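Inspection log for the structure reproduced underneath, given as structure tokens.
There are 2 protein chains.
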Amino acid sequence: MEYRRVKDQESYDVVSQKDIESPGERSLSSTSATSSLSTAGASKGKNSWKLKSIVTLALTLLTSSQAILIVWSKRAGKYEYSVTTANFSVEALKCLLSLIALYRTWNSQGVTEDNRLSTSFDEVSVYPIPAILYMVKNLLQYYIFAYVDAPAYQILKNLNIISTGVLYRIILKKKLSEIQWAAFILLCAGCTTAQLNPSSDHVLQTPIQGWVMAIVMALLSGFAGVYTEAIIKKRPSRNINVQNFWLYIFGMLFNLVAICVQDFDAVMNKGFFHGYSFITVLMILNHALSGIAVSMVMKYADNIVKVYSTSVAMLLTAVVSVFLFGFHLSLAFFLGSTVVSVSVYLHSVGKPQPQK
Amino acid sequence: MEYRRVKDQESYDVVSQKDIESPGERSLSSTSATSSLSTAGASKGKNSWKLKSIVTLALTLLTSSQAILIVWSKRAGKYEYSVTTANFSVEALKCLLSLIALYRTWNSQGVTEDNRLSTSFDEVSVYPIPAILYMVKNLLQYYIFAYVDAPAYQILKNLNIISTGVLYRIILKKKLSEIQWAAFILLCAGCTTAQLNPSSDHVLQTPIQGWVMAIVMALLSGFAGVYTEAIIKKRPSRNINVQNFWLYIFGMLFNLVAICVQDFDAVMNKGFFHGYSFITVLMILNHALSGIAVSMVMKYADNIVKVYSTSVAMLLTAVVSVFLFGFHLSLAFFLGSTVVSVSVYLHSVGKPQPQK
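First to last, the sequence lines map onto chains A and B. With this note's numbering applied, the first sequence closes on residue 381, and no number is skipped along the way. With this note's numbering applied, the second sequence closes on residue 381, and no number is skipped along the way.
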């Protein structure tokens, strides 16, 4: 009971924090990940399954520790820093790590057609699109709270799962088997069940405007994810760090706009890094690494794996919070976790015959 | 919210009413069902699927109207009659309907080895076993409430779903595919989710004795159901009405014992039918017909179909109650219903290759 109450307050912050950060929710390889990445380019057939597992595990662990860090930072006191500068820092850090990884690749393999930074207008012209989609979604987020309260918004966010599945099918033209579709519906129902709390029923009183906005936001978010996958997969031999560099450049650009619009005065008067603590730095580092993991998952797996990974992370966070913060798990959480587990199982056994 | 509160009080009564009635939860053919039954014996191969669907639908509709009748009778006032005499009446009515159906069969087909009432000791000796199992379970029911409250008991009752599946596999040696097992776990989780209410979390505080008793009760109930199926299916050509007649004779016998133990004085002083109203008669009729439907499902389908049927009936009851009694459905109900629906779908697509 206590767990859910605190979690709801927290997860709203996770939402605002995470969603505004989303333009850069793609990746680059951190120094430690670089080597596996660059070798993977060479012998990718053999290592593909291994790589897929590693990036999925990394995303799951990073996403779950992300929520825990936010709870921890909240317990330590209120946010003193401006969220927009933190998001910009995340983008900048990812951009920097991309360049470091690229530099190492250039040193070991030399500059090739696939790993050189310079690009054509045709190639780069699609890169701002995900960032624009996330920006529109973040704008809508300010308006939806006129119709929906924060816990109800948490529930409605699970529509993302369905929209990602549908757009993945339509845009990337990849097939899911009937059992995998059933598993996807279960994933959505299971995640929502795990998040149920005594005030969840409010969501049923959501007015039609709220529903429309929630659905539009889910579509925008799903579209941005699927579009990013399409960009990254369009040229499989292209170095992921170059692709990320260009994605993050636009992420920085759009976050710069956000700083100017929202926090211009605060940054001018108090400075860019005002209120940053050790935990703020940890959170920025975690977000940057999570971004890397998301991008890796997009390159070596797909959006479906990403959705499963972040859903399992949500459950992991709750379980870890029991030990770290003494939260209590509800019966709904156990039931939702059971449904999510069965969904993961069904997704893996329900592969369509000529998979991928 | 209101729905769930009222439903919990009611469904506890459903429990006590239904469980004590259970020894006779098998069937005979009502006059209208008789013809389809007797013809089915002849051309059973062709009509098997049709018959299976009809009996399943009948069971679903009768079970859902059963709970509605109980809510209705409660609204009309408290039970004035003794539950044990009502249960005895249900058994007696089913016994009578069995005999009527048999009489019609004898007239049309003559007395054969398969439809004659007389039996060997070997054949009849197994018939009291389900009744004994239900009696032990009903005895346990009086003690479990020392450890578990009524809403928590409602939640724990869903263990029946799992125990039925496991015992069905072990005793009847029938195979479920992996996907069907997954579907069965989902059915249990979905039904429990649909019944969640703000006080459901109490169940997590159930002491170990409560868990043990709940599991033993689930096993007894599952065993009784599976054993009944084994008895009925042992001799497929045997007329179902003869099989039911002997089951119900023992049902009457054990209910007679229950009357003597619980309500002897009341029956002696006020009479057997004291407090019976029009709705009491309707309920007895409904219980008798539900018993018929369960028995038909055992003969022409199986325990798994029975569990699905009664689970869907539980959801139907809730939806119908919205219109009849102005109940409100919770978000948990929608989520649980979604999971149950997906489970039904998975059970049907997940058939093992050489099914049955």
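The beta-carbon is built from N, C-alpha and C at its ideal position, and this holds for glycine as well. Note that the structure is a prediction, hence the values are computed from the model and not measured.
Notebook entry, point to check: Can a CB atom of chain B be found closer than 8 Å to the CB of Leu371(A)?
Noted result: At least one chain B Cβ lies under 8 Å of Leu371(A).
Does any residue of chain B have a CB that is nearer than 8 Å to the CB of Asp288(A)?
Against chain B, the CB of Asp288(A) has no partner CB under 8 Å away; the residue lies outside that interface.
Practice prompt. Please list the segments of the alpha helix (DSSP H) lying wholly inside the segment 212-292 of chain B, counting only runs of 4 or more residues, in order along the chain.
Written response: Along the length of the segment 212-292 of chain B, whole alpha helix (DSSP H) runs at least 4 residues long occupy 233-259, 265-287, reported in chain order.
Do Glu116(A) and Met308(A) have their CB atoms nearer than 8 Å? No, these two residues do not count as a Cβ contact at 8 Å.
Do you know whose CA, among Tyr325(B), Ile180(B), Lys75(B), Leu124(B), lies nearest Ser143(B)'s CA?
Distances from the alpha-carbon of Ser143(B) to those of Tyr325(B), Ile180(B), Lys75(B), Leu124(B) put Leu124(B) closest.
Let me confirm a value: Val332(A) is counted as buried when at least 16 other C-beta atoms fall within 10 Å, else exposed. Which label applies? With 16 or more Cβ atoms within 10 Å of its Cβ, Val332(A) is classed as buried.
Starting from Pro155(B), trace the alpha helix (DSSP H) in both directions and tell me its first and last residue. Counting along the chain, the alpha helix (DSSP H) containing Pro155(B) begins and ends at 153-169.
Check your understanding: Under 8 Å Cβ-Cβ, which residues of chain B neighbour Leu221(A)?
Key -> Leu221, Leu356, Ala357, Leu360, listed in chain order.
Subject >> Which listed residue (Thr335(B), Pro261(B), Lys119(B)) has its alpha carbon closest to that of Lys324(B) >> reply: Answer by Cα proximity: Pro261(B).
Val21(A), enclosing alpha helix (DSSP H) - first and last residue: For residue 21(A) there is no data in the structure shown, the boundaries of chain A being 26 and 381.
Discussion item. With a threshold of 6 Å on Cβ separation, who are the neighbours of Ser246(A) within its own chain once the five nearest residues in sequence on each side are excluded?
Written reply: Excluding residues within five positions, the ones whose Cβ falls inside 6 Å are Lys162, Asn185.
Contact with chain B by Ile21(A), beta-carbon distance below 8 Å: A question about residue 21(A) goes unanswered here, because the residues of chain A that appear run from 26 up to 381.
- Query: Can you name the residues of chain A whose CB is closer than 8 Å to the CB of Ile240(B)?
  - Reply: Contact annotation for Ile240(B) against chain A: no contact, minimum CB-CB distance about 16 Å [criterion: below 8 Å].
Check your understanding: Which chain B residues are close to Thr214(A), counting only those with a beta carbon under 7 Å from its beta carbon?
Key -> In the sequence on display, residue 214(A) carries Ala and not Thr. Neighbours of Ala214(A) across chain B, judged by C-beta separation under 7 Å: Leu360, Thr363, Val364.
Beta-carbon of Val367(A) versus every beta-carbon of chain B: anything under 8 Å? Yes - at least one Cβ of chain B is within 8 Å of the one on Val367(A).
request  = Would you please verify whether the beta carbon of Val374(A) is less than 8 Å from any beta carbon of chain B?
outcome  = Closer than 8 Å to the CB of Val374(A) there is at least one CB belonging to chain B.
Taking C-beta to C-beta, are Ser225(A) and Pro176(A) nearer than 8 Å?
With contacts defined by Cβ atoms closer than 8 Å, Ser225(A) and Pro176(A) form a contacting pair.
query = What does a CB cutoff of less than 7 Å around Val367(A) pick up in its chain, not counting 5 residues either side in sequence?
reply = Sequence-distant Cβ neighbours of Val367(A) in its own chain, meaning closer than 7 Å and more than five residues away, are Leu211.
Practice problem: Please state whether DSSP places Tyr301(A) in a helix, a strand or coil. | Solution: Under the three-state reduction of DSSP output, Tyr301(A) falls in the coil class, being neither helix nor strand.
message: Once DSSP output is grouped into helix, strand and coil, what is the label at Ser107(A)?
response: Ser107(A) falls in the coil class under three-state DSSP.
With the cut-off set at 8 Å, would you say Ala313(A) and Leu122(A) are in Cβ contact? Inclusion of Ala313(A) and Leu122(A) in the CB contact set at 8 Å is warranted, their separation being smaller than that value.
inquiry  = Short of 7 Å in beta carbon distance, which residues of its chain neighbour Val151(A), apart from the five on each side in sequence? Order them along the chain.
reply    = Taken in chain order, the residues that qualify are Ile256.
| task | Look at the Cβ atom of Asn328(B), then the Cβ atom of Glu254(B), and state whether they are nearer than 8 Å. | result | For Asn328(B) and Glu254(B), yes; Cβs fall inside 8 Å.
Next item on the list: Return the chain-ordered list of same chain residues with a C-beta closer than 7 Å to the C-beta of Ala156(A), the five sequence neighbours on each side being excluded.
Entry: Excluding residues within five positions, the ones whose Cβ falls inside 7 Å are Pro48, Phe275, Gly276, Phe279.
Report task. Apply the 10 Å Cβ neighbour rule to Asn294(B) and answer buried if 16 or more other Cβ atoms are within range, or exposed otherwise. Result -> It is exposed - the Cβ of Asn294(B) has fewer than 16 other Cβ atoms within 10 Å.
inquiry  = Going by C-alpha to C-alpha distance, which of Gln166(A), Val267(A), Asn183(A) sits closest to Ser320(A)?
reply    = Ranked by Cα distance from Ser320(A), the options Gln166(A), Val267(A), Asn183(A) are led by Val267(A).
Residues near Phe113(B) by beta carbon distance below 7 Å, same chain, minus five either side: Met277, Asn280, Leu281, Ile284, listed in sequence order.
Measuring CB atoms only, is the segment 229-241 of chain B touching the segment 78-95 of chain B, in the sense that at least three cross pairs come out at less than 8 Å?
Using a C-beta cut-off of 8 Å, the segment 229-241 of chain B makes no contact with the segment 78-95 of chain B, since fewer than three inter-stretch Cβ pairs fall below that distance.
**Item:** Test: Glu203(A) CB closer than 8 Å to a CB of chain B
**Value:** Yes, Glu203(A) counts as interfacial toward chain B.
task = Would you tell me roughly how many angstroms separate the C-alpha atoms of Ala239(B) and Phe209(B), rounded to the nearest one?
result = Going from the Cα of Ala239(B) to the Cα of Phe209(B) covers about 19 Å.
Suppose contacts are defined by Cβ-Cβ distances below 8 Å. Is Leu164(B) in contact with Val241(B) by that definition?
Contact flag unset, no.
Item checked: Beta-carbon contacts of Ser57(B) that lie in its chain and below 6 Å, excluding the five residues immediately before and after -> With a pLDDT of only 36 at Ser57(B), under 50, the local geometry of the prediction cannot be trusted, and no value is derived from it.
Item to complete: With DSSP as the reference, label Leu84(A) as helix, strand or coil.
Response: It is helical.
Less than 8 Å separating the beta-carbons of Ile204(B) and Gly316(B)?
No. Outside cutoff.
**Item:** Coarse secondary structure for Gly375(A), derived from DSSP in three states
**Value:** Note: Gly375(A) maps to coil in three-state DSSP.
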